[in-house]
Amino acid sequence: MEYEIKHSTNDARGMFYIKQQEKTIAQLTYTLKDKVMIIDHTEVDRPYEGKGIASRLVEAGYAFAKAESLKINPLCPVAEVVFERHPDWKGQLL
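Okay, so the sequence shown: first residue is 26 according to the working numbering, each after it adds one.
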């Protein structure tokens, strides 16, 4: 099943998320500070775990940061693992 990733942001905080029937089933939250995107949390509801959704959220965050010329500090353990799987992303890391 294909899930649409949505993005919301204000001046200092943002979130990539997926909704299923009006319920948020997955989210990645971040803070922006001094041109750095600090990924602080990634969560996927239990019934949707193991489907690669968290990785897709991190990929969306990476694409956003790259497009906005932001560095990334992946504090969230899930984001750290995804970055380890993509050595070509290291240039975007803080």
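Ideal Cβ positions, reconstructed from N, Cα and C, are used throughout, including at glycine. These numbers were taken from a predicted model, which means no experiment stands behind them.
Query, Result
"Nearest neighbour of Leu95, chosen from Ile50, Thr49, Ile64 and Ile30 [CA to CA]", "Ile64"
"Cα-Cα separation between Met40 and His32, rounded to whole angstroms", "6 Å"
"According to DSSP, residues forming a beta bridge with Tyr87", "Answer by DSSP bridge pairing: none, since Tyr87 is not bridged."
"Helix, strand or coil at Gln117 [DSSP, three-state]", "helix"
"Whole-angstrom distance between Ala85 and Gln21, CA atom to CA atom", "Residue 21 is absent from the structure shown; the chain starts at 26 and stops at 119."
"Start and end residues, alpha helix (DSSP H) containing Pro102", "Pro102 to Arg110"
"Beta-carbon spacing of Leu100, Ile30 below 8 Å", "no"
"Opening and closing residue of the beta strand (DSSP E) in which Tyr73 lies", "It is not in any beta strand (DSSP E) - Tyr73 carries neither H nor E in the DSSP assignment."
"Outcome for Thr67 when other beta-carbon atoms lying within 10 angstroms are tallied against a minimum of 16", "buried"
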